[in-house]
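Using my numbering, you'd call the opening residue of the sequence shown number 7 and step up by one each time.
Take a look at the structure set out below.
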Amino acid sequence: MSEEKKYFSHLERVLKEGHFAVTCEIGPPKSADPEVVREKARIIRGYVDAANITDCQTAIVRMSSIASGVLVREEGVEPVIQMTCRDRNRIAIQADLLGAAALGMRNLLCLTGDHPKFGNHPEAKGVFDLDSIQLLDMVRRMRDEKKFQCGEEIRGKAPEFFLGAAENPFADPFEFRVHRMAKKAAAGAQFIQTQIIYNLERFRKFMEMARDLGLTEKLFILAGVTPPKSFGMAKYMKYFVPGLDVPDEILSRLKDAKDKKEEGIKIVVEIIEQVREIPGVAGVHIMAIEWEEAVPEIVKRAGLEARPFAEEVKPLVKEERVPEVALPEEKPEEKAPEEIVPPKVDVPVEALKSVFSSLRSSMDALREGINMLHEGLASLEKTLLGGEVPPIEERPSIEEVSPKPEVPSITREEEEKAKQIADLLSAAKAAQEAVDYDKALSLYEQVLKLEPENEPAKNAIEVIKKEQKITELLNKAKEKLEAKELDEAEKLFKEVLDVIPEQEEAKAGLVKIEELRAKEKPPVEEKPPAEEAPPVEEKPMEKPEEKPTVTAEAPEVSEILVFSDLSSEYRDVSERAAGIPEDVYKEPGTAWIKEVTIGEGDKKIAFGGTNVLPFHLFEGEMKNPPRVAMEVLDVKPEDWPESIAKYFEDVFADPGDWAKKCVEVYGAEAINVYLVGTDPNFMNLEPAHAAKVVEKVANAVDVPLVIWGSGSPEKDVEVIREVANVLGAKNVMVGPVVDTNHQALGATAMGYGYALIASSPIDVNLAKQLNILLENIGVPLDRIGMDPSVGAVGYGLEYTYSVMERIRLAALYAGDDKLQVPFVINVGREVWKTKEAGLPSDEMLGEQEIRGIALEAITAISLLMAGGDFLIMRHPKAIEVTQKIIKGLMAV
Numbered sequence: 007m008s009e010e011k012k013y014f015s016h017l018e019r020v021l022k023e024g025h026f027a028v029t030c031e032i033g034p035p036k037s038a039d040p041e042v043v044r045e046k047a048r049i050i051r052g053y054v055d056a057a058n059i060t061d062c063q064t065a066i067v068r069m070s071s072i073a074s075g076v077l078v079r080e081e082g083v084e085p086v087i088q089m090t091c092r093d094r095n096r097i098a099i100q101a102d103l104l105g106a107a108a109l110g111m112r113n114l115l116c117l118t119g120d121h122p123k124f125g126n127h128p129e130a131k132g133v134f135d136l137d138s139i140q141l142l143d144m145v146r147r148m149r150d151e152k153k154f155q156c157g158e159e160i161r162g163k164a165p166e167f168f169l170g171a172a173e174n175p176f177a178d179p180f181e182f183r184v185h186r187m188a189k190k191a192a193a194g195a196q197f198i199q200t201q202i203i204y205n206l207e208r209f210r211k212f213m214e215m216a217r218d219l220g221l222t223e224k225l226f227i228l229a230g231v232t233p234p235k236s237f238g239m240a241k242y243m244k245y246f247v248p249g250l251d252v253p254d255e256i257l258s259r260l261k262d263a264k265d266k267k268e269e270g271i272k273i274v275v276e277i278i279e280q281v282r283e284i285p286g287v288a289g290v291h292i293m294a295i296e297w298e299e300a301v302p303e304i305v306k307r308a309g310l311e312a313r314p315f316a317e318e319v320k321p322l323v324k325e326e327r328v329p330e331v332a333l334p335e336e337k338p339e340e341k342a343p344e345e346i347v348p349p350k351v352d353v354p355v356e357a358l359k360s361v362f363s364s365l366r367s368s369m370d371a372l373r374e375g376i377n378m379l380h381e382g383l384a385s386l387e388k389t390l391l392g393g394e395v396p397p398i399e400e401r402p403s404i405e406e407v408s409p410k411p412e413v414p415s416i417t418r419e420e421e422e423k424a425k426q427i428a429d430l431l432s433a434a435k436a437a438q439e440a441v442d443y444d445k446a447l448s449l450y451e452q453v454l455k456l457e458p459e460n461e462p463a464k465n466a467i468e469v470i471k472k473e474q475k476i477t478e479l480l481n482k483a484k485e486k487l488e489a490k491e492l493d494e495a496e497k498l499f500k501e502v503l504d505v506i507p508e509q510e511e512a513k514a515g516l517v518k519i520e521e522l523r524a525k526e527k528p529p530v531e532e533k534p535p536a537e538e539a540p541p542v543e544e545k546p547m548e549k550p551e552e553k554p555t556v557t558a559e560a561p562e563v564s565e566i567l568v569f570s571d572l573s574s575e576y577r578d579v580s581e582r583a584a585g586i587p588e589d590v591y592k593e594p595g596t597a598w599i600k601e602v603t604i605g606e607g608d609k610k611i612a613f614g615g616t617n618v619l620p621f622h623l624f625e626g627e628m629k630n631p632p633r634v635a636m637e638v639l640d641v642k643p644e645d646w647p648e649s650i651a652k653y654f655e656d657v658f659a660d661p662g663d664w665a666k667k668c669v670e671v672y673g674a675e676a677i678n679v680y681l682v683g684t685d686p687n688f689m690n691l692e693p694a695h696a697a698k699v700v701e702k703v704a705n706a707v708d709v710p711l712v713i714w715g716s717g718s719p720e721k722d723v724e725v726i727r728e729v730a731n732v733l734g735a736k737n738v739m740v741g742p743v744v745d746t747n748h749q750a751l752g753a754t755a756m757g758y759g760y761a762l763i764a765s766s767p768i769d770v771n772l773a774k775q776l777n778i779l780l781e782n783i784g785v786p787l788d789r790i791g792m793d794p795s796v797g798a799v800g801y802g803l804e805y806t807y808s809v810m811e812r813i814r815l816a817a818l819y820a821g822d823d824k825l826q827v828p829f830v831i832n833v834g835r836e837v838w839k840t841k842e843a844g845l846p847s848d849e850m851l852g853e854q855e856i857r858g859i860a861l862e863a864i865t866a867i868s869l870l871m872a873g874g875d876f877l878i879m880r881h882p883k884a885i886e887v888t889q890k891i892i893k894g895l896m897a898v
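What follows is the structure, encoded as structure tokens:
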């Protein structure tokens, strides 16, 4: 590598030449205003070696990291752009990275990303095609091997990034954090930015472990620090930010301080001074989001203001490219000159406008100078010669030749007023976005007092009053609807639609009114087998008058994916490891996963109850094998491919018969009833419909039942309560329970003795938090199963596996009792909704049924290895394959 190419970036040079680096963080705005980013960059310029540009931090929409990085670079600060796996698949990531490299970005921080649930679009679907470790490996190969992730060669210039990653030294399980950092180093990370450090003792221990593994020789570790602006901020970080460790001493100092911000700066400077003394720490990363003004002061007080090679990073001067015009070749004089048509030139109009504007300004200044010179000379001549000044030949003044346009002057008061109006408008807009209409109206009215004709304020007030009117009408309509005053409710909903024709709540209200009116008609008693019109909510379950008898004969299942029993080939580990001390290959857990029991009598089953990693029977005990339930829907599925539908199409019309077939024909040990028809975004069937379906299933089979709602938190509360009225105190498992409905469903479950499925986005801390919430209202941990929201193979399975593995490690080895709960995994639903499972057979993808079975079985087996305790599946053959694997791995 040549000297010019010795380093990819300025930050890399600073670190590799042994200097203590300083980086900071810039949060892009929630707007398209470039000046916000530029101003932040100007504040920190010269005080840091690079600035980390966040990528929609906390899953909130902001200006992109790459675009912000370009703006920061133009202001003379080297950017470190971020790339998260949350919002892009591997195709989009690679495309964005090629673009970033083309725009001059040279530092990249690879992150998995906060779950969308944390942000301002909680309903958004997280992609998580890769995790941060896989992302690092992919970018390293693009850079070093000039290959895309698929193996295709990058023809031409490859992206050149100095690669970084993040690490949290304080997350559980603590002992495994340094090993995770080692994985990132192996994947391609060259520098690490840590989580915020307040607990220095624990960070010293983390660095000691990193040195023991030789990681400080492979990685440049930048210690993350944040100045706490207030006591409230520090308290919030201590109690509500997972993975942060804020000692009580910090809280005490801020609580007692007269100037909280000053004390916060003192605290962070002291931390910097101490981390500089820890061997292996290569720099600090100052995270003062929305307080960039504190960064220069922190750097100066810490004695770090003399940044190395600072002169190399300068603001970029935008050069306006002037098109080159090819001059005609000189012709011999004797030849008659030909008329030469000048080539057409693409003129950069905006650039030329800017140039001419600049020239006019310069000419104006020159005129003023000449006029002043004339006046000065005349005055000097009069003073020296006395008397009248000899007449000078009159000539028109420069002003008369080219009068200077008058520029209206702006007084200081007008400037202050304009600033006040801008501030009020900004605050009013923020209040309006937060639906705090009273505050927004008050602020807009203040604007109008200062400037009565302010159009944005007048328009905003009109919009707010319109929204308030709609809200008032909707609330009244709902009250009338609840009181069964249908005519009044209908009138109010129509008033709303007169104002906003597409208002969804009003349209849904009118539909509801029609349903209620239909129900008010005299009902017809059910007298089987007489024919009758089914109730509205039962339309999806319509079936022939005479039901065929369910046969115990299964449709022929293709003999595919057949292999011998694994248990017959099992050899004990002690035999295979003969001569090796046990403590070398055994690492028994120190805790147990809770055991959950559902069902009654001799058909009840238990899952969980293990003190080892999945199938590590040589290290401990798995009291129960993983369990597999089959899924029954409350309505006929319209999106199931033929390769799976053919096994159940004769019983789709009756969920009771469907469940009976799963048990008698396919040997299901449990049934999961999926009440998808109650989904407000699908068929929005009534809770009474769900209760009838569950009652039919409960009467048809005697195996344990799982009742799975539609996933609509509010609707599921109504549905599960109605189902509980029918089932009574049966030992079933219900869900999904989420943070927004945990109190209501928790109370129902405790009242009837049900087990619960705690469903959270795929995140360790969110899963733990939901378990804590349930335990706080009285639900015991041995009545909870965790649904971590998994992904199918090819759809985020790797990330799912990683999170599940971390949860299980924390439970067994770090003693985290809030995570000592078994996993409930809905495999079938995730697999059979994928595009690949439903594509028809062809030469490239092969036979559809084999493909679908393989996708479901491979996903199931992978998640068993991550710790899955209770699986819900669909295809009989995929279940057969999975059960064989379980039997073989359990060596029974």
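Beta carbons are placed, not taken as given, at the ideal position from N, Cα and C, and that holds for glycine.
Just so you know, these numbers come straight off a predicted model, no measurement behind them.
Using a C-beta cut-off of 8 Å, the region 268-282 makes contact with the region 305-323, since at least three inter-stretch Cβ pairs fall below that distance. In the three-state scheme derived from DSSP, where H, G and I count as helix and E and B as strand, A860 is classed as helix. Counting along the chain, the unbroken alpha helix (DSSP H) around M148 starts and ends at 138-150. When the alpha-carbon of G873 is set against those of G194, A817, V641, the nearest one is in A817. When Cβ pairs closer than 8 Å are counted between the two stretches, the region 124-142 is seen not to touch the region 77-84, the count staying below three. Of the residues S74, K241, R92, K839, the one whose Cα lies closest to the Cα of I650 is K839.
Short of 7 Å from the beta carbon of V709, and not among the five residues preceding or following it, lie these beta carbons of its own chain, in chain order: G605, K609, V669, A674, E675, A676, I677. Counting the other CB atoms within 10 Å of its CB gives E862 a total of 16 or more, which places it among the buried residues. Here R633 really is in contact with I611; their C-beta atoms are around 6 Å apart, less than 8 Å.
Beyond the five residues adjoining it in sequence on each side, G75 comes within less than 6 Å, by CB distance, of I59, P85, I87, M111 in the same chain, given in chain order. Counted as a single uninterrupted DSSP element, the alpha helix (DSSP H) harbouring I892 occupies residues 882-895.
Distance from the Cα of A706 is smallest, within the candidate group V641, S847, D660, D39, for D660.
Look at the beta carbons and you see the region 165-177 touching the region 197-207: at least three pairs across the two are nearer than 8 Å. In the three-state reduction of the DSSP assignment, W714 falls in the strand class.
The DSSP-derived three-state label of D685 is coil. The beta-bridge partner set that DSSP reports for T616 consists of M628. The alpha helix (DSSP H) runs lying completely inside the region 209-257 and spanning 4 residues or more are 237-246, given in chain order.
Bridge pairing for S37: absent [DSSP].
Excluding the 5 residues flanking it on each side, T865 has same chain C-beta neighbours closer than 6 Å at A798, V799, V833, V837, in chain order. Look at I611 here: in three-state DSSP terms it is strand. Minimum Cα-Cα distance from G858 among the listed residues I878, S868, P882 corresponds to P882. In the DSSP annotation of this structure, I295 is not part of any beta strand (DSSP E), being labelled neither H nor E. Comparing C-alpha distances from R814 to each of N782, Y801, P846, A773 shows the shortest one belongs to A773. For Q63, same chain residues with a beta-carbon under 8 Å away, outside a window of 5 residues either side, are G33, D120, I295 in chain order. Restricting attention to G162, F621, A98, the CA atom closest to the CA of Q155 is found in A98.
Where F654 is concerned, there is no enclosing alpha helix (DSSP H), because DSSP gives it neither an H nor an E. The C-alpha of K475 is placed about 41 Å away from the C-alpha of G757. The beta carbon of K592 sits closer than 6 Å to those of E625, all from its chain and outside the five residues before and after it, given in chain order. M213 and E283 have their C-alpha atoms roughly 12 Å apart. In this structure, DSSP gives H291 an extended state, which the three-state scheme calls strand. Here F209 is buried, its C-beta having at least 16 other C-beta atoms within 10 Å.
Annotated three-state conformation of N782 is helix, per DSSP. The region 782-794 makes no contact with the region 843-858; the number of CB pairs closer than 8 Å stays below 3. If you ignore the 5 residues before and after H748, its C-beta comes within less than 6 Å of the C-beta of L779, L780, all in its own chain and listed in chain order. Spanning the alpha carbons of Y680 and V579 requires a straight line of approximately 41 Å. Rounded to whole angstroms, the gap between the alpha carbons of K890 and V732 is 36 Å.
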